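Visitor: Dumping the structure here so I can ask a few things about it.
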Amino acid sequence: MRNLLSFVVFGLFLSFSYSAITVAQESSAPSVGRQIDEIVVTSRKVEENIQDVPLAVYAIDEKALDDFRPTTMRDMDSLAPNLQVGMNSASGNQSAIFVRGCGYAGVEKTNNPTVGLIVDGLFHGTNTGTLLDAFDWAKVQVNSGPQGVVYGKNTSCGNIVVERVRPSDEFELSTEISAGNYDAYEMGIILNLPISDKVSSRFNIRKLEHEGYYYNRATEDDSGRLDLASISARFLITPDEDTEIYFIADAFYDRGDTAPVSYSGNPYGPGCVGNFGAGLGLVPGANNGCNKALGGVTVTELSTAGIPAIGLFPFAGFKGLEGFFNITEAFPPHTVSLDNPEQSDMDFQRLSLQVTTSTLLGELSSTTSFVQLDDNVLQDF
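Just so you know, the sequence shown maps onto residues 549 to 929 in this note's numbering.
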């Protein structure tokens, strides 16, 4: 009986072992459904598999862009990790882009952003005009860390490389129209037109409008309005197998509002206007920590040096001007008080010519471009 029991136990052990081996062999076999498609990037100016690039790269292909449908560049921080694309408060189309917490939020035209934006091989040398509409994009690459060695610019924090869909030898005509709340609507037209067997063209027209999420208590109107329009024409010429000529003409227009400055509340109670003198330059400062909206500008501790306020209002939290400022309670969310026109007009035109040819020494390329950017901003400081 003991031998029979041992035989049965041994038989069960063999069956379990065989099943485990079988499962292990099946799981080790390559599964076609689990394979990851090869992702080709150009972070080092050559086409490489992203697995072979010794850099921190995040790539977004055309399918992911079509699924997510970003409206402008500001939506890209929802697609890439460690990427923040914000709006500068000085203008409606001035960006503040950060990668891994490193970036530049200034508006000076003489300073290059430390996170570079490169569209179709052209570097954008200022934060103004970088919140482009994300229309007809083919690929986006986010390269983290210094990129000056490869791209030759002061991109010490990283760069964003955008490639739009290039002209092809197939005819294509597509349109898209969408609408939403807050009087939002989008309209876009794409025309890909092959001219000959060596010349192809592609044209885009895009219009975006949005009334804004904010309510302006001073004007009793909406605030934060979005009004963008863009036109693009691209021509691809291949005179022979070794030469490629790529001509691009872009025009981008912004007629939206400046970034609304939101009222941040009043922790010291209604009518806290202790920094009034400092706001007008009448006193050296007032370090009372009182937040209030003065003429549409949020003032928060104008002086952090601890200099005591002197002059008209010698003490913090001065009360009695509630009627003058009409500050009797904290503003509701998404409410501002701006009596200026909030004008933010920008005209951006660009022409570029890229010539690439293959020689015995390798591939030679030349890029020539002309950029004109005019912006007119009215802001109440």
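Ideal Cβ placement from N, Cα and C applies to all residues, glycine included. These figures come from a predicted structure and were not determined experimentally.
Output the distance between the C-alpha atoms of G804 and S906, rounded to the nearest integer angstrom.
Guide: Going from the Cα of G804 to the Cα of S906 covers about 45 angstroms.
Visitor: Tell me the rounded alpha-carbon separation between D798 and S778.
Guide: Spanning the two alpha carbons is a distance of roughly 7 angstroms.
Visitor: Is it right to say G822 is buried, meaning 16 or more other beta carbons lie within 10 angstroms of its own, or is it exposed?
Guide: Note that G822 scores 37 on pLDDT, short of 50, meaning its location in the model is unreliable and no value can be drawn from it.
Visitor: Could you check whether L921 and T676 sit closer than 8 angstroms to each other, using their CB atoms as the reference points?
Guide: Yes, the pair counts as a contact, with Cβ atoms nearer than the cut-off.
Visitor: Please name the residue or residues paired with H672 in a DSSP beta bridge.
Guide: DSSP, once it has assigned bridges, lists L665 as partnering H672.
Visitor: Report yes if the CB atom of T678 is closer than 8 angstroms to the CB atom of L665, and no otherwise.
Guide: Cβ distance < 8 angstroms, so T678 and L665 count as in contact.
Visitor: For my contact list, N660 and G673 are in at a C-beta cut-off of 8 angstroms; report their separation, rounded to the angstrom.
Guide: The Cβ separation is near 6 angstroms, so the contact holds.
Visitor: Counting only runs that start and end within the segment 717 to 793, where is the beta strand (DSSP E) found for 3 or more residues in a row?
Guide: Segments of the beta strand (DSSP E) lying fully in the segment 717 to 793: 720 to 728, 732 to 742, 747 to 758, 762 to 764, 769 to 771, 774 to 788.
Visitor: With a cut-off of 8 angstroms on the beta carbons, I'd call T806 and V925 a contact; round off their distance for me.
Guide: Between V925 and T806 the Cβ distance is about 6 angstroms, and since that is below 8 angstroms, they are a contact.
Visitor: How many angstroms separate the CA atom of E734 from the CA atom of E757?
Guide: Distance between the alpha carbons of E734 and E757 is about 7 angstroms.
Visitor: May I ask whether a heavy atom of the ligand FAD can be found less than 7 angstroms away from the beta carbon of K593?
Guide: Of ligands this structure carries none, so the ligand FAD is not represented either.
Visitor: Based on DSSP bridge pairs, tell me the residues matched to F616.
Guide: Beta-bridge pairing links F616 to no other residue.
Visitor: By the DSSP assignment, the alpha helix (DSSP H) with V697 in it spans what residues?
Guide: 696 to 699 is the span of the alpha helix (DSSP H), which, as asked, contains V697.
Visitor: With contact counted as at least three CB pairs below 8 angstroms, one residue from each stretch, are the segment 686 to 704 and the segment 610 to 629 in contact?
Guide: Result yes; three or more Cβ-Cβ pairs closer than 8 angstroms.
Visitor: Suppose you measure from the CA of S914 to the CA of A781; what does that come to, to the nearest Å?
Guide: If you take the alpha carbons of S914 and A781, they lie about 20 angstroms apart.
Visitor: Can you give me the Cβ contacts of N630 inside the same chain, cut-off strictly under 7 angstroms, excluding the 5 residues immediately before and after it?
Guide: Closer than 7 angstroms at Cβ, skipping near neighbours: V647, R648, S692.
Visitor: Please classify R898: does DSSP put it in a helix, a strand, or coil?
Guide: Strand at R898.
Visitor: If you draw a straight line from the alpha carbon of S923 to that of Y801, how long is it in whole angstroms?
Guide: Looking at the sequence shown, residue 923 is not Ser but Asp. Taking the straight line from one Cα to the other gives about 10 angstroms.
Visitor: If you draw a straight line from the alpha carbon of I645 to that of N707, how long is it in whole angstroms?
Guide: The straight-line gap from Cα to Cα measures roughly 9 angstroms.
Visitor: Give every residue of the same chain whose Cβ lies closer than 8 angstroms to the Cβ of E596, excluding the five residues on either side of it in the sequence, and list them in chain order.
Guide: Excluding positions up to five away in sequence, the list reads V588, V589, T590.
Visitor: Looking at S771 and L909, is the spacing between their C-beta atoms short of 8 angstroms?
Guide: Their beta carbons are not under 8 angstroms apart, which means L909 does not touch S771 by this criterion.
Visitor: Using the rule of at least 16 other Cβ atoms within 10 Å of the residue's Cβ for burial, across every protein chain shown, is E546 buried or exposed?
Guide: The requested residue 546 is not part of the displayed model; the chain covers only 549 to 929.
Visitor: Could you give the C-beta distance for S626 and M635, rounded to a whole number, given that I count them as a contact under 8 angstroms?
Guide: Rounded, the Cβ-Cβ distance is 15 angstroms, inconsistent with contact.
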